[in-house]
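One structure is given here, and the rest of the page talks about it.
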Amino acid sequence: MDTRPLNRDVIKYIAMAAMTLNHVARVFLTTGTVMYEVFIYIGYFTAPVMCYFLVEGCHYTRSKLKYGLRLLLFSALSELPFCMAFSEAFAGTDGIAYCGMNMIFTLFLCFCMVWALEDIENVLLKVLIVFGAFYLSGYSDWSYVAPMFTLMFQWAGKDEEKVKGAFVAAVLLQGLYRFMAVYGIYPLAESLIYALENMAGPALAGVAIVFGYNGRRMEKGRNFSKWFFYIYYPAHLALIGAIRLLG
């Protein structure tokens, strides 16, 4: 029996808390302050965790169709709250404006990639769906990085050594992605420090999954946890957005 201490739901709750800190920082805290930076970097724990469990969920679900439709439905329900929360941070307006698609939509695109790789036999169609989803993620939160994480975890499967390798690659990808975003704007040393700081969240996610995850769910409250993760995302964004708009 696996004696590692963390089940899937506990890790997801930690990921939700980390995401919330990231969102609070983006909307309410002053850029460049210590608390802002810490909250932002902690939030990067969430993307690799959710992508890992998306891949796992695709393998365990009794209906991929229902799984995909659920993601699509909640991505639609989350879009207005997403724009309420982030219009100022992402679109530079005090009101409400379109500022890209939300995280659940990105997870839906990642789901489409996994579904295509596992269930579509036509190679051309498989490639079109994977590259199409990757391209569309550029208009969404966690753009490009989440699909790459998903492909890594899909490749790794349940092989523990491959999972370790996938998380190492995810951490390096996060660092490279953030480095390329600022190199040329800031000096080399500052760009490297920025990249290393941004790698902390995915690294902690790797530690939690590789060394802490026991492969199980909570014994009690499974149905609550399942729906909580879908409902919490638009609900907390709506609350953050309402506070921003009324503040």
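Residue numbers for the sequence shown follow our numbering, so the first one is 853 and each next one is one higher.
Every residue, glycine too, gets a C-beta built ideally from N, C-alpha and C.
All figures in this text were calculated on a predicted structure; none of them were measured in a lab.
A straight line joining the alpha-carbon of Leu924 with that of Leu959 spans about 9 Å. Exclusion of the five residues before and after Pro900 leaves Phe1001, Ala1022, Pro1054 and Ala1057 as the residues of its chain whose Cβ lies within less than 6 Å of its Cβ. Taking every protein chain shown into account, the CB of Glu931 has 16 or more other CB atoms within 10 angstroms, so this residue is buried.
In the structure shown, the three-state DSSP call for Ser915 is coil.
When only Cα atoms are considered, Val1062 and Gly947 end up about 42 Å apart. The beta carbon of Tyr919 sits closer than 6 Å to those of Thr913, all from its chain and outside the five residues before and after it, given in chain order.
In this structure, Ala937 sits away from Ala943, with a CB-CB distance that is not shorter than 7 Å. Taking a cut-off of 8 Å for Cβ pairs, the segment 858-876 and the segment 1075-1085 touch, as three or more such pairs fall below it.
DSSP, reduced to helix, strand and coil, places Leu932 within a helical segment of the structure shown.
Counting only residues of its own chain and dropping the five nearest sequence neighbours on each side, Met887 has a CB closer than 8 Å to the CB of Ala877 and Leu881. In summary, Ser939 is buried, with 16 or more beta-carbon neighbours lying within 10 Å of its beta-carbon over all protein chains present.
Per DSSP, reduced to three states, the secondary structure at Ser992 is strand. A residue is called buried once 16 or more other Cβ atoms fall within 10 Å of its Cβ, and Gly1067, having fewer, is exposed. Leu1097 carries a helical assignment under DSSP once its states are collapsed to helix, strand and coil.
Here Pro857 is exposed: its Cβ has fewer than 16 other Cβ atoms, across all protein chains shown, within 10 Å.
By the CB criterion at 7 Å, Ala870 and Gly895 fall inside the cutoff.
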